[in-house]
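Novice: Numbering (our numbering), first residue to last: 378 to 662. Have a look at this one.
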Amino acid sequence: MTAETHTLTTDGAEITYDVRPGDGPTLLLIGSPMDASGFATLASHFPDRKVVTYDPRGITRSTFTGDQRTATPEQHADDLSRLIDTLGDGPVDVFASSGGAVNGLALVTAHPKQVRTLVAHEPPALTTLPDRENALAAVQGIYDLYQKSGSGPAMVKFILSTSFKGEFPAGWIDQPGPSPEEFGMSSEDDGSRDDILIGQNLIPCTHYEPDFDKLRSASTRIVVGVGEESQGELAHRAGEAVAARLGLEPVTFPSHHGGFLGGEFGQMGDPDNFAAKLREVLDAK
């Protein structure tokens with residue numbers, strides 16, 4: 378069905394969200410820095426549910442209203458809590474991807490009664506890793522490279538970091554690698570520093586410290602998902618680490634980190650089987 382678009386004013390942001398009507402329990406799909414458009418295929422697999430998607434603050438249709446140009450998981454969680462209140466049909470089920478999964482953990486930490494089930498798929502909470510110092514230093518190095526040289530060089534290092542398998546060595550950021558041109562990007566610095574991934578969300582997301590005591594005691598049922606094809610990669614390893622700290626076994630979902638994608642952003646996962654697995658997880662007691 379056609380989505381209805383609404384706006385919501387929160388503390389420091391104007392949030393735009395979409396509601397696809399359905400008779401079943403509300404399913405909230407959240408990403409970060411991915412906006413609502415990335416969930417078009419996944420949402421279509423749940424016509425029996427009311428499906429809500431949104432653009433996180435500072436991304437696409439959701440704008441900052443103050444001077445701040447970065448956003449923490451706690452701020453995203455507050456936006457989400459206000460959104461759930463506005464919907465008026467909580468507690469809701471939540472599927473959260475990547476940085477959205479980190480924000481989902483922050484949401485459950487602060488507002489557990491608003492979420493019935495949280496499926497946190499590959500949250501890049503690097504503070505949970507055994508090699509956290511080197512992994513966090515690598516991410517900080519990507520941000521510093523962005524501030525120094527612009528988007529192209531930093532994006533190359535970001536892409537390499539997400540696909541790197543195994544523990545990060547010290548000094549990873551200084552290792553030689555391909556040029557931006559080899560990735561279809563430019564080495565030229567256009568002077569902008571407003572990239573929503575590297576400039577706005579990268580450091581607050583990856584450096585977030587989950588409160589595992591509160592998460593373990595929450596009324597919310599938490600499921601941590603990892604990708605079948607992403608084993609050994611950064612977000613997959615972080616997902617396993619988060620699950621272990623919660624005393625859970627991670628649930629394997631089909632495909633990779635973006636396994637739910639059906640061509641959005643030019644990427645293809647295994648959306649049919651991914652959605653079937655998500656439905657199975659949500660329907661489990």
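Heads up, the beta-carbon is just placed ideally off N, CA and C, and yes, glycines get one too.
#1: Thinking just about the alpha-carbon of each residue, which of E510, M411, F472, H453 is nearest to the one in I498?
#2: Report yes or no: do three or more beta-carbon pairs, one from the segment 622–642 and one from the segment 568–578, lie closer than 8 Å?
#3: Looking at the secondary structure, which residues open and close the beta strand (DSSP E) in which P402 lies?
#4: Alpha carbon to alpha carbon, what distance is there between T384 and R438?
#5: Less than 8 Å between the C-beta atoms of L484 and L503, yes or no?
#6: Expressed to the nearest angstrom, what Euclidean distance is found between the alpha-carbon atoms of P424 and G399?
#7: If we require 3 or more residues per run, which beta strand (DSSP E) segments fall completely within the segment 542–583?
#8: Keeping to the same chain, check which residues put their C-beta closer than 8 Å to that of E451; ignore five residues upstream and five downstream.
#9: Check this for me: beta carbons of P507 and E558, under 8 Å apart or not?
#10: Below 8 Å on the Cβ atoms is my guess for D462 versus T403; work out the distance and round it to an integer in Å.
#11: I need the straight-line Cα distance from P627 to T539, nearest angstrom please.
#12: Could you check what DSSP says for F497 in three-state terms: helix, strand or coil?
#13: Kindly indicate which three-state DSSP category L482 falls into: helix, strand or coil?
#14: Under the rule that 16 or more other beta-carbon atoms within 10 Å means buried, what is Q524, buried or exposed?
#15: Which residues bound the beta strand (DSSP E) around I392?
#16: What residues in its chain sit with their C-beta under 6 Å from that of F416, if we drop five residues either side in the sequence?
#17: Would you kindly check if the distance between the Cβ of V601 and the Cβ of G624 is under 8 Å?
#18: Use the C-beta contact count for S556: other C-beta atoms within 10 angstroms, 16 or more gives buried, fewer gives exposed.
#19: So what's F441 in DSSP terms, helix, strand or just coil?
#20: With DSSP as the reference, please indicate the residues paired to Y431 in a beta bridge.
#21: S564 and G529 - do their beta-carbons sit closer together than 8 Å?
#22: What do you get for D521, buried or exposed, if any count of 16 or more other CB atoms within 10 angstroms of its CB means buried?
#23: Going by DSSP, what residue range makes up the beta strand (DSSP E) through I519?
#24: Classify L464 as helix, strand or coil using the three-state DSSP reduction.
#25: Is it buried or exposed, K534, if we count other Cβ atoms within 10 angstroms and call 16 or more buried?
#26: Measuring straight from C-alpha to C-alpha, what distance separates Q517 and G401?
#27: Using the Cα positions of A621 and G561, report the straight-line distance between them to the nearest angstrom.
#28: How should T373 be labelled, buried or exposed, when 16 other C-beta atoms within 10 angstroms of its C-beta is the threshold for buried?
Specialist: In this structure, then:
#1: Stepping through the sequence shown from its first residue, residue 498 is reached at position 121. First, the amino acid is wrong: residue 498 is His here, not Ile. Nearest of E510, M411, F472, H453 to H498, Cα basis: F472.
#2: no
#3: Within the sequence shown, the letter at position 25 stands for residue 402. For P402, the enclosing beta strand (DSSP E) begins and ends at 401–407.
#4: Here residue 438 corresponds to residue number 61 of the sequence shown, with the count starting at 1. Here residue 384 corresponds to residue number 7 of the sequence shown, with the count starting at 1. Those two C-alpha atoms are separated by around 9 Å.
#5: The sequence position of residue 484 within the sequence shown is 107, counting from 1. The sequence position of residue 503 within the sequence shown is 126, counting from 1. For L484 and L503, no; Cβs fall outside 8 Å.
#6: The count along the sequence shown starts at 1 and reaches residue 424 at position 47. The count along the sequence shown starts at 1 and reaches residue 399 at position 22. Going by the C-alpha atoms only, they are around 6 Å apart.
#7: As far as the segment 542–583 is concerned, it has no whole beta strand (DSSP E) run of at least 3 residues.
#8: In the sequence shown, residue 451 corresponds to position 74, counting from 1. Result list for E451: A483, A487, in chain order.
#9: One-based indexing of the sequence shown puts residue 507 at position 130. One-based indexing of the sequence shown puts residue 558 at position 181. Not in contact: P507 and E558 (Cβ atoms no closer than 8 Å).
#10: Along the sequence shown, read from residue 1 onward, the residue named residue 462 stands at position 85. Along the sequence shown, read from residue 1 onward, the residue named residue 403 stands at position 26. Not quite, the Cβ-Cβ distance comes to about 12 Å (not below 8 Å), so this is no contact.
#11: Along the sequence shown, one-based indexing puts residue 627 at 250. Along the sequence shown, one-based indexing puts residue 539 at 162. Spanning the two alpha carbons is a distance of roughly 19 Å.
#12: By 1-based counting over the sequence shown, the position of residue 497 is 120. The question names Phe, but residue 497 is Ala in the sequence shown. Looking at A497 - three-state DSSP - the assignment turns out to be strand.
#13: Translated into positions along the sequence shown, residue 482 becomes position 105. In this structure, L482 counts as helix in the three-state DSSP scheme.
#14: For the purposes of this step, residue 524 is taken as the residue at position 147 of the sequence shown. Under this definition Q524 is an exposed residue.
#15: As a working mapping, residue 392 is identified with position 15 in the sequence shown. Where I392 is concerned, the enclosing beta strand (DSSP E) stretches over 390–397.
#16: Translated into the one-based positions of the sequence shown, residue 416 becomes position 39. L406, T430, listed in sequence order.
#17: What you label residue 624 is simply residue 247 of the sequence shown in a count that begins at 1. What you label residue 601 is simply residue 224 of the sequence shown in a count that begins at 1. Cβ atoms of G624 and V601: not closer than 8 Å.
#18: Counted from its first residue, the sequence shown places residue 556 at position 179. The residue in question, S556, is exposed, as its Cβ has fewer than 16 Cβ neighbours within 10 Å.
#19: Working through the sequence shown from its first residue, we reach residue 441 at position 64. Reduced to three states, the DSSP call for F441 is strand.
#20: Taking the first residue of the sequence shown as 1, we reach residue 431 at position 54. Listed as beta-bridge partners of Y431 by DSSP are Y394.
#21: Residue 529 sits at position 152 when you count from the first residue of the sequence shown. Residue 564 sits at position 187 when you count from the first residue of the sequence shown. In contact: G529 and S564 (Cβ atoms closer than 8 Å).
#22: Here residue 521 refers to the residue found at position 144 when the sequence shown is read from its first residue. Answer is exposed; the Cβ neighbour count stays below 16.
#23: The residue you call residue 519 lines up with position 142 of the sequence shown. Counting along the chain, I519 falls outside any beta strand (DSSP E), though it belongs to the alpha helix (DSSP H) covering 509–526.
#24: Here residue 464 is taken as the residue at index 87 of the sequence shown, counted from 1. Helix at L464.
#25: Counting from 1 along the sequence shown, the entry for residue 534 is found at position 157. Its Cβ being crowded by 16 or more others within 10 Å, K534 is buried.
#26: Against the sequence shown, residue 517 aligns to sequence position 140. Against the sequence shown, residue 401 aligns to sequence position 24. Their Cα atoms are separated by approximately 43 Å.
#27: Residue 621 sits at position 244 when you count from the first residue of the sequence shown. Residue 561 sits at position 184 when you count from the first residue of the sequence shown. Their backbone Cα atoms lie some 38 Å apart in a straight line.
#28: This structure gives no information on residue 373, because the portion of the chain shown stretches from 378 to 662.
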